[in-house]
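Be aware that the sequence shown starts at 5, since it is given in our numbering, and climbs by one per residue.
Notes follow once the structure below has been shown.
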Amino acid sequence: MNIKEVACLAGVSPATVSRVLNGSKNVRKSTRRKVLQAIEESGYRPNQVARGLRLRRFQSIGLVVPDITNEFFATIARSIEDVLHEHNYNLFLCNTREDGEEERRYIKALLDKFVDGIIFVSGGFEENLDLFQGDIPVVAIDRRSNLEGVSFVTSANYEGGYLAAKHLIECGCRRILMVRDQKQVAPMEARWAGYVDCLKDYNIPYDEGLVVSIPVEREAAREYLLRMHSQLEFDGIFAATDVLAIACAHTLLRLGYSIPKDVQIVGFDNITAAEYYNPSLTTIAQEKEALGRKGAELLLERIEDPEKEPATVVLPVQLIQRASTRQY
Numbered sequence: 005m006n007i008k009e010v011a012c013l014a015g016v017s018p019a020t021v022s023r024v025l026n027g028s029k030n031v032r033k034s035t036r037r038k039v040l041q042a043i044e045e046s047g048y049r050p051n052q053v054a055r056g057l058r059l060r061r062f063q064s065i066g067l068v069v070p071d072i073t074n075e076f077f078a079t080i081a082r083s084i085e086d087v088l089h090e091h092n093y094n095l096f097l098c099n100t101r102e103d104g105e106e107e108r109r110y111i112k113a114l115l116d117k118f119v120d121g122i123i124f125v126s127g128g129f130e131e132n133l134d135l136f137q138g139d140i141p142v143v144a145i146d147r148r149s150n151l152e153g154v155s156f157v158t159s160a161n162y163e164g165g166y167l168a169a170k171h172l173i174e175c176g177c178r179r180i181l182m183v184r185d186q187k188q189v190a191p192m193e194a195r196w197a198g199y200v201d202c203l204k205d206y207n208i209p210y211d212e213g214l215v216v217s218i219p220v221e222r223e224a225a226r227e228y229l230l231r232m233h234s235q236l237e238f239d240g241i242f243a244a245t246d247v248l249a250i251a252c253a254h255t256l257l258r259l260g261y262s263i264p265k266d267v268q269i270v271g272f273d274n275i276t277a278a279e280y281y282n283p284s285l286t287t288i289a290q291e292k293e294a295l296g297r298k299g300a301e302l303l304l305e306r307i308e309d310p311e312k313e314p315a316t317v318v319l320p321v322q323l324i325q326r327a328s329t330r331q332y
């Protein structure tokens, strides 16, 4: 008899059985009675696994990322892994491919594997957080959550959006096209808000027609500009990620535009390609390694002290000027 068979007998999930064995308060009395009755009827005796559950020491962490091929997420994941290895924790990496159902499946699998905690990196599927009952430490990186007890690490996205627009304005731009992720996730909303407020502060009218929401894919940006460049009047582009910024630059160059003479471009993230693209990309740099490191540290602190209050950490950003904008 094992824990999964007990769960089947009780008509609950293995994660619920683990919570009962762990003494968690986040289990209904009726459910607890069913689990305890199943344990008694089956003759199941908690083994080392159950003792590990009580001690919360499986030395395993789940990491959920939307796209591991994206350098931004890959850098954060590597930084998290480095910290966990220093503390002798194993890492289960779950790549959701930006799919909400895939993310939900991974969360259930991680809970069944009895990980000591879970880190989420970005993503826009808040409904999946209802799977948690508050008895496992959770840290969200660049992802807001209304779930009680979640620690949160992010960059100063509003300030970054403001800084990008401010730089373009000071370089002479007055018609600034913003190209952003179509998902209404917290980082994108904050960057957009910074852009809008900067226009207002410089007395430049906000034009909804100059804000385009598309998938964060090179092909999506290329298709949009090929279709719309002749219908839009713009002299600057603030792309909410470097991937979108480079796609915009590449498309405009092929259409005969000169960068930065005709159009100036600012990206966001400071991925490696931003420095080596021609022209090199002006961008808002995030502290990617620090995001991952701080997220891992916060999770380990919660594992060591479950009573510790969840924390919110906002890391600074900075403008790195390169050849895609003019000197001023």
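Using N, Cα and C, we set each Cβ at its ideal position, and we do this for glycine too.
A quick note: this is a predicted structure, and the numbers were derived from the prediction, not measured.
Candidates the options: closest to residue i by CA position
i	options	result
Val119	Cys98, Ser126, Glu106, Glu105	Cys98
Arg306	Pro141, Glu44, Glu152	Pro141
Gly271	Thr255, Leu256, Val216, Ser328	Ser328
Val24	Leu302, Asp266, Arg36, Ser149	Arg36
Ile84	Gly296, Asn74, Gln331	Gly296
Pro314	Leu256, Glu301, Val39	Glu301
Thr316	Ser126, Leu95, Thr158	Thr158
Asp103	Leu95, Ile80, Asn132, Asp309	Asn132
Gly176	Leu151, Gly164, Tyr206, Ser64	Tyr206
Tyr162	Glu106, Tyr199, Asp185	Tyr199
Phe238	Arg258, Ile269, Glu221	Ile269
Ala243	Arg258, Ala168, Asn6	Ala168
Phe124	Glu152, Ile80, Tyr166, Arg326	Ile80
Thr73	Arg148, Val31, Val247	Val247
Gly165	Asp201, Gln186, Asp185, Gly153	Asp201
Glu75	Gly27, Leu88, Val220, Pro209	Val220
Glu174	Gln186, Ser149, Ile208	Ile208
Asp185	Glu105, Ser126, Leu304	Ser126
Leu303	Lys265, Arg258, Leu88	Leu88
Val318	Asn26, Arg222, Arg148	Arg148
Residue i vs residue j beta-carbon contact at 8 Å
i	j	result
Pro416	Ala194	Summary: the structure shown does not reach residue 416, with the chain confined to residues 5 through 332, and so no result is reported for it.
Ala144	Val183	no
Asp273	Thr245	yes
Gln331	Ala289	no
Leu172	Gly260	no
Ile250	Ala277	yes
Val68	Ile122	yes
Phe77	Asp86	no
Pro263	Thr287	According to the sequence displayed, residue 263 carries Ile and not Pro. No.
Phe96	Leu114	yes
Pro18	Lys33	no
Leu285	Val267	no
Tyr228	Ala253	no
Glu90	Thr100	no
Leu135	Lys112	yes
Exposure label - residue i; buried when at least 16 CB within 10 Å
i	result
Arg82	exposed
Ser155	buried
Gln188	exposed
Lys298	buried
Asp146	buried
Glu311	exposed
Ile275	buried
Ser22	buried
Asp309	exposed
Thr20	buried
Lys337	Missing from the structure shown is residue 337; the chain here goes from 5 to 332 and no further.
Lys292	buried
Val31	buried
Glu45	exposed
Supposed close pair residue i, residue j - CB separation, criterion 8 Å
i	j	result
Tyr110	Ser64	Actually they do not touch by this definition, with Cβ atoms about 14 Å apart.
Gly47	Met5	7 Å
Assess, as a yes-or-no matter, whether the region 171 to 190 is touched by the region 203 to 223 under the definition of 3 or more beta carbon pairs within less than 8 Å.
The region 203 to 223 makes contact with the region 171 to 190: 3 or more CB pairs, one atom from each, lie closer than 8 Å.
Cβ contact check for the region 227 to 239 and the region 191 to 205: 3 or more pairs under 8 Å
Taking 8 Å as the limit for Cβ pairs, the verdict is that the region 191 to 205 does not touch the region 227 to 239.
Using 8 Å as the threshold, is the region 13 to 22 in touch with the region 38 to 45, meaning 3 or more CB pairs across them?
Yes, since at least three Cβ pairs between the region 13 to 22 and the region 38 to 45 fall closer than 8 Å, the two stretches touch.
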